[in-house]
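**Student:** So for the sequence shown, the UniProt record's numbering puts the first residue at 1; every next one is plus one. Glycine included, each C-beta is placed from N, C-alpha and C at the ideal position. For clarity, every value in this text was computed on a predicted model and none was experimentally measured.
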Amino acid sequence: MTVPRNEDRCRGSDSADLSAFDRHLDDFRRYQSTPWGRLRYEQVATNLTRHLRQGPLDVLDVGGGNGLDAVRLAALGHHVTIVDASHDSLAEAEELARRLGYADAIDTRRADVTELTTVVEAGTFDVVLCHNLIQYVPRRDAVFAMLVAALRPGGVLSVLAPNPDCDPLSAAVRRGDLDDAMRLLATSKRDTVTYGVEIETVSAAVLIAEMVAAGLEQPIRYGVRTVCDLIADDSRKHDEDFFAGLLELENQLADRHPYVEVARFTHLVATKPAPLPAATGRSRVRIDADAHEQALRYTSAEPARTAAQIHAAVTARTMGRLVVIRGNSGSGKSTVAGLLQRKFGRAQCMVVGQDVVRRHMLGEGDVPGGLNIELLGEIASLGLARGLIVVVEGILSQRRYGRMLERLRDQARLSRFYAFDLDFEETVRRHATRDKAGSFGREQMSEWYHGWDALGFVDETRIGATRTAEDIVATIYTEITTAVDDTGRAGC
1 MTVPRNEDRC
11 RGSDSADLSA
21 FDRHLDDFRR
31 YQSTPWGRLR
41 YEQVATNLTR
51 HLRQGPLDVL
61 DVGGGNGLDA
71 VRLAALGHHV
81 TIVDASHDSL
91 AEAEELARRL
101 GYADAIDTRR
111 ADVTELTTVV
121 EAGTFDVVLC
131 HNLIQYVPRR
141 DAVFAMLVAA
151 LRPGGVLSVL
161 APNPDCDPLS
171 AAVRRGDLDD
181 AMRLLATSKR
191 DTVTYGVEIE
201 TVSAAVLIAE
211 MVAAGLEQPI
221 RYGVRTVCDL
231 IADDSRKHDE
241 DFFAGLLELE
251 NQLADRHPYV
261 EVARFTHLVA
271 TKPAPLPAAT
281 GRSRVRIDAD
291 AHEQALRYTS
301 AEPARTAAQI
311 HAAVTARTMG
321 RLVVIRGNSG
331 SGKSTVAGLL
341 QRKFGRAQCM
351 VVGQDVVRRH
361 MLGEGDVPGG
371 LNIELLGEIA
381 SLGLARGLIV
391 VVEGILSQRR
401 YGRMLERLRD
411 QARLSRFYAF
421 DLDFEETVRR
431 HATRDKAGSF
441 GREQMSEWYH
451 GWDALGFVDE
461 TRIGATRTAE
471 DIVATIYTEI
481 TTAVDDTGRA
491 GC
């Protein structure tokens with residue numbers, strides 16, 4: 001579906017017809033070529049690439065317009081199907097693909113988003129894009145249902161929408177218009193600059209809830225254009241050196257809180273979970289009517305007793321401290337975890353290794369919904385309940401392990417997250433110095449390697465190539481033993 005598309009200072013419209021977009025297609029092209037337009041496409045591509053497995057993948061770009069998102073994915077070797085209601089936009093997308101040499105990698109289908117099921121089959125795509133579209137549709141729940149249905153299990157949905165929390169800040173900081181900032185705080189309605197139409201914006205929290213309700217895992221949130229729209233001097237953004245620095249800064253801020261909260265766009269990426277195996281049993285409990293009736297006739301003392309039991313259970317389950325160390329194969333995470341256990345003492349510190357559980361205990365591949373994910377969480381949870389310092393280490397990709405790690409964070413009374421941020425050549429060099437260097441080589445490591453993989457729900461301490469294992473251990477030990485937890489107690 002092509003409707004008036006949100007651009008850099010877009011304030012939006014909840015019901016705009018197709019002709020409004022077609023009338024302003026030239027304006028939209030000009031926006032795409034501006035520095036802020038380029039930032040939008042560059043950042044979204046960077047964020048999304050973190051979640052894509054080895055290709056080629058089948059991608060559906062709903063409301064993909066003239067194909068700027070699509071050609072980036074085609075350049076990575078993926079096949080993209082663009083669905084859009086605008087004949088002119090699709091023609092332009094086809095011409096762009098032909099000119100760049102991706103004609104065989106991109107095809108187009110003309111349809112409104114409400115007609116999506118008539119032009120694509122369910123469960124046939126690895127990635128679905130819904131960029132700058134969801135704020136225009138009257139029934140988001142119905143659209144999300146169709147988008148999720150188009151995904152294969154384990155597939156990824158990418159949603160981009162304007163962030164209404166950016167507007168008051170931009171009005172005050174960029175334009176110095178305090179009255180307009182106050183007005184924008186009091187309303188969710190926004191006007192688009194290019195199209196002159198009004199939309200009802202939607203918050204990131206609402207979008208996240210709707211995506212989960214549609215059957216997706218908890219989305220990872222990114223911010224797109226955190227600082228660009230606060231810089232009043234647009235002329236500086238046209239300088240290529242300044243633009244390069246701005247893009248680097250924006251990418252660094254994209255997954256860091258609190259910056260994502262006030263970025264121009266909210267970018268949400270979520271995975272469609274794999275179904276349970278067919279043999280998975282379901283427990284059934286027969287409820288005795290008399291017992292049920294008796295349970296309802298509790299005295300006034302029962303709620304207090306129940307509250308006390310819940311409090312005791314929660315207190316017992318939040319005594320431990322959590323350390324999560326993530327990184328690519330060969331980065332040194334297992335070495336650091338072992339040194340930490342020796343420093344804290346084996347009686348106080350438990351190490352839960354992803355490879356130990358997945359490969360040695362279960363002999364399982366790293367697959368969506370694997371048993372090792374649940375078992376890792378259960379082992380670590382038991383350690384936290386016993387008041388131990390629990391060190392969880394592994395590659396632990398956000399896509400498959402993020403929700404489990406978030407649950408552990410919520411259980412621990414103190415948690416710290418660390419991640420090795422090394423390039424591929426550095427991980428190969430480190431692996432060559434290990435005792436088990438012969439167990440796998442460069443080719444396998446290249447298949448496993450991924451770039452920076454933000455968890456999204458927590459700020460991780462990045463560990464660079466210059467830090468030694470001993471230095472890292474000393475830092476973590478100090479932070480865990482001196483930090484004050486949520487209850488106000490010191491770490492030790």
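1. State the start and end residues of the unbroken beta strand (DSSP E) segment that holds Ile220.
2. Please state whether DSSP places Lys189 in a helix, a strand or coil.
3. Closest by CA to His238, which one among His78, Glu115, Asp107 and Trp36?
4. Can you give me the C-alpha to C-alpha distance between Gln354 and Glu393, rounded to a whole angstrom?
5. Quick check: what's the CA-CA separation for Arg40 versus Gly363?
6. Measuring only the C-alpha atoms, how far is Leu133 from Val62?
7. The beta strand (DSSP E) spanning Thr271 covers which residue range?
8. Let me confirm a value: Gln135 is counted as buried when at least 16 other C-beta atoms fall within 10 Å, else exposed. Which label applies?
9. Buried or exposed for residue 517, please, with buried defined as at least 16 other CB atoms from any protein chain shown within 10 angstroms of its CB.
10. Considering only the beta carbon of each residue, do Ala483 and Leu339 sit closer than 9 Å?
11. Between which two residues does the beta strand (DSSP E) harbouring Tyr418 extend?
12. Straight-line CA distance for Pro56 to Leu73?
13. Going by beta carbon distance, what residues of the same chain come within less than 7 Å of Glu460, once the five residues before and after it are set aside?
14. Among residues of its own chain, excluding the 5 on either side of Glu94, which ones have a beta-carbon nearer than 7 Å to its beta-carbon?
15. Just checking my contact of Ile106 with Ala150 at CB under 8 Å: how many whole Å lie between their CB atoms?
16. Beta-carbon separation of Gly327 and Ile220 under 9 Å?
17. How close, in whole Å, do the beta carbons of residue 502 and Val323 come, if the pair is a contact with beta carbons under 8 Å?
18. Would you kindly check if the distance between the Cβ of His51 and the Cβ of Val269 is under 9 Å?
19. Starting from Ala161, trace the beta strand (DSSP E) both ways and give me its first and last residue.
20. Just verifying my parser: in three-state terms, what is the DSSP assignment at Pro257?
21. For Gly353, does the three-state DSSP call read helix, strand or coil?
22. Expressed to the nearest angstrom, what Euclidean distance is found between the alpha-carbon atoms of Ile476 and Ile463?
23. Leaving aside the five residues before and after Arg403 along the sequence, list all residues of the same chain whose C-beta is less than 7 Å from its C-beta, in chain order.
24. Going by DSSP, name the residue or residues bridged to Asp84.
25. So, is Gly67 buried or exposed, given that buried needs 16 or more other C-beta atoms within 10 angstroms?
26. Would you check if the distance between the CB atom of Arg190 and the CB atom of Thr201 is smaller than 9 Å?
27. Using only CA atoms, which one of Ser188, Thr335 and Ala380 lies nearest to Val352?
28. Quick check on the burial criterion: 16 or more other C-beta atoms within 10 angstroms. Buried or exposed for Thr280?
29. Give the straight-line distance between the Cα atoms of residue 497 and Ile231, rounded to the nearest whole angstrom.
30. Compare the Cα-Cα distances from His79 to each of Leu90, Ala337 and Asp104 and report the closest residue.
31. One question on the structure: do Met361 and Ile389 come within less than 9 Å of each other, judged by their Cβ atoms?
32. Can you list the alpha helix (DSSP H) stretches of 4 or more residues lying completely in the segment 27-111, in chain order?
33. Pull up the CB-CB distance for Leu405 and Leu384, whole angstroms please, since I reckon it's below 8 Å.
34. From Thr478 to Gln411, what does the alpha carbon distance come to, in whole angstroms?
**Tutor:** Reading it off the structure:
1. Segment Ile220 to Val224, the beta strand (DSSP E) holding Ile220.
2. strand
3. Trp36
4. 6 Å
5. 42 Å
6. 8 Å
7. Thr271 -> beta strand (DSSP E) spans Phe265 to Thr271.
8. buried
9. Absent from the structure is residue 517, since the part of the chain shown begins at 1 and ends at 492.
10. no
11. Leu414 to Phe420
12. 10 Å
13. Hits under 7 Å: Phe417, Tyr418 and Ala419.
14. Thr108
15. Actually they do not touch by this definition, with Cβ atoms about 17 Å apart.
16. For Gly327 and Ile220, no; Cβs fall outside 9 Å.
17. Shown here, the chain extends from 1 to 492; a query on residue 502 therefore has no answer.
18. yes
19. Leu151 to Pro162
20. Note that residue 257 is His in the sequence shown here, rather than Pro. Looking at His257 - three-state DSSP - the assignment turns out to be coil, as it is neither helix nor strand.
21. strand
22. 11 Å
23. Glu217 and Gln218
24. Arg110
25. buried
26. Taking a C-beta distance under 9 Å as the contact criterion, Arg190 and Thr201 qualify as a contact pair.
27. Ala380
28. Its pLDDT being 47, under 50, Thr280 is placed unreliably by the model, and nothing is read from it.
29. For residue 497 there is no data in the structure shown, the boundaries of the chain being 1 and 492.
30. In terms of CA proximity to His79, Asp104 leads the group Leu90, Ala337 and Asp104.
31. no
32. 35-49, 68-75 and 87-100
33. With a Cβ gap of about 12 Å, Leu405 and Leu384 do not count as contacting.
34. 21 Å
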